[in-house]
Amino acid sequence: MSLFRRARSNLIWVLMSDVVAKGATIVVTIYLARVLGVTEFGVLGLGIAIASTLWPLVDLGTNGYGTREIARDHSNAHTLLPSLNSMRLTASVIVLIASAIVIQTIGFEESKKWTILATLLYMTTYAITPDWVARGIERMSIGFAINAFVAGSFILGAVVLVSGPEDTTTAGLVRSFSFAIGAIVGLVILSRLEGIRFRFTAQLDDWLSLIRRTYHFLINRVATNLGQYIPFFAVSIILTDMDTGLFAAPHRLYIVAVGGMAAITSAVYPILTDLYQKDPEKFRRFQRKLVDYILLLFIPAAGLGIIASDRLMNLIFGTEYLPAASVLTIMLLTLPLL
344 MSLFRRARSN LIWVLMSDVV AKGATIVVTI YLARVLGVTE FGVLGLGIAI ASTLWPLVDL
404 GTNGYGTREI ARDHSNAHTL LPSLNSMRLT ASVIVLIASA IVIQTIGFEE SKKWTILATL
464 LYMTTYAITP DWVARGIERM SIGFAINAFV AGSFILGAVV LVSGPEDTTT AGLVRSFSFA
524 IGAIVGLVIL SRLEGIRFRF TAQLDDWLSL IRRTYHFLIN RVATNLGQYI PFFAVSIILT
584 DMDTGLFAAP HRLYIVAVGG MAAITSAVYP ILTDLYQKDP EKFRRFQRKL VDYILLLFIP
644 AAGLGIIASD RLMNLIFGTE YLPAASVLTI MLLTLPLL
């Protein structure tokens with residue numbers, strides 16, 4: 344298949360997948376922001392921020408490394424899926440237990456503590472997802488199926504089980520277990536269609552060897568996540584729970600937008616890996632075009648933030664969240680800089 348056709352096929356599936364995933368995130372974010380109220384939505388947002396910040400300590404750089412190695416040789420998937428996902432699953436349990444101890448020591452309010460722990464379960468349920476394998480073998484349709492089941496589970500669970508501020512912990516559990524459903528679906532599809540199977544393997548020597556090869560991916564991910572979530576943590580520490588809830592609404596939209604940009608680059612990552620090895624000049628040209636296309640998407644979003652942030656906040660989240668309109672403006676303005 345030609346470079347253009349590979350890129351087009353990958354991008355079509357990733358865009359479809361991203362529309363489903365990000366669309367569901369936006370729909371559920373709007374629903375939860377209105378149903379939970381500002382303060383409780385802020386607590387849920389804090390839990391999600393903590394889980395996302397800690398995630399690199401679970402992933403350990405395996406996502407980028409695994410995709411790259413499978414893109415180089417698809418047969419690597421048969422050994423890397425069991426090794427890397429087993430390592431991630433073990434790391435998730437360790438990080439979850441450590442987090443629970445820290446949360447208990449800090450002395451969070453009881454309701455806030457359980458909500459945060461419920462959202463932290465995401466690290467364990469997402470640890471076994473094989474989306475990175477699907478990217479490596481360029482079967483983006485499998486990634487679409489994973490995201491579709493996550494999205495459907497998240498929307499259905501939120502609408503059925505979350506009806507008021509008292510259900511904030513339930514909302515965290517719904518989010519976490521929706522990722523488990525998507526992961527299981529992905530593993531079944533990979534096993535049936537590609538013969539790539541996941542079995543837990545505890546091989547400490549292999550894990551240590553893998554970490555030595557993935558640490559630069561880990562460092563990059565830690566830096567990226569800290570950049571995205573440090574402002575949220577600063578607000579939650581310095582200001583009130585109400586302010587945290589107001590900040591959480593535009594911040595969730597910002598994370599969705601950044602995730603969309605990451606999805607586009609993930610779609611072409613196997614192609615970039617291939618080009619970098621075989622044709623460095625074509626790699627540079629392709630990379631420049633990719634940046635241009637991303638800018639074309641996000642510059643209009645920045646303009647919208649300047650012109651209509653008040654109307655956007657009112658339309659999406661309601662009048663309760665109008666004080667956060669200026670925050671949305673600032674966040675949208677930063678998108679083209681990323």
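Counting in my numbering, the sequence shown runs from 344 upward without gaps. Note that CB positions come from ideal geometry on N, CA and C, so glycine has one too. Values in this document were obtained by computation on a predicted structure and should not be read as measured data.
Output needed for residue i: all residues of its chain with C-beta closer than 6 Å, excluding positions within five of it in sequence on either side, in chain order.
i	result
G385	D584, T587, G588, A591
A526	I471, T472
K491	Reading the sequence as shown, one finds Ala at residue 491 and not Lys. Excluding residues within five positions, the ones whose Cβ falls inside 6 Å are V363.
Y469	F522
S360	G486, F487, N490
L530	P473, F541
F660	A376, A592
D653	A668
F575	A392, H594
Comparing C-alpha positions only, which one of the options sits nearest to residue i?
i	options	result
L400	Y558, Y408, R595	Y558
F560	L397, A364, Q630, N406	N406
L533	K456, S484, G515	S484
Q571	Y597, Q546, D548	Y597
D402	A414, I449, W475	W475
S552	R564, N419, S426, S360	S426
A667	A644, V381, F629, L397	V381
S442	S519, L397, M674	L397
A600	H417, L671, T448	L671
L536	Y636, I480, F660	I480
S669	L678, F660, G648, G661	G648
I573	L389, D622, V502	L389
Check the C-beta distance from residue i over to residue j and give it rounded, since I have them as a contact under 8 Å.
i	j	result
S521	G500	6 Å
L463	L432	About 15 Å separates the two Cβ atoms, so there is no contact after all.
A566	V528	That belief does not hold up - the Cβ atoms of A566 and V528 are roughly 31 Å apart, past 8 Å.
R478	T422	That pair is no contact at about 17 Å.
S429	A545	7 Å
H594	M466	Incorrect: roughly 20 Å between the Cβ atoms, too far for contact.
I539	A420	5 Å
A651	L676	That belief does not hold up - the Cβ atoms of A651 and L676 are roughly 13 Å apart, past 8 Å.
R556	Y408	6 Å
Which residues in the same chain as residue i place their Cβ atom closer than 7 Å to its Cβ, once the five residues preceding and following it in sequence are excluded?
i	result
I498	A367, V370, V371
N657	L665
E663	V381
D549	S426
I391	T462
S519	A461, T462, L464, Y465, T468
E383	P508, T511
V578	D586, T587, F590
For residue i, which residues from the same chain have a beta carbon less than 8 Å from its beta carbon, with the 5 sequence-adjacent residues on both sides left out?
i	result
L387	L375, L379, T458, T462, T511, A514, G515, A591
I524	F492, V493, S496
L569	T396
E412	N419, L423, G479
F451	I459
I446	K456, I459, L460
A394	T462, L463, Y465, M466
| message | Quick check for students: name the residue ranges of the alpha helix (DSSP H) that lie wholly in the region 527 to 604, counting only runs of 4 or more. | response | As far as the region 527 to 604 is concerned, its whole alpha helix (DSSP H) runs of at least 4 residues are 547 to 581.
| query | Mind pulling the alpha helix (DSSP H) runs of 4 or more residues that sit fully within the region 378 to 464? | reply | 381 to 402, 405 to 415, 420 to 449, 453 to 463
| field | Complete alpha helix (DSSP H) runs within the region 478 to 523 (minimum length 4 residues, chain order) | value | Listed in chain order, they are 483 to 504.
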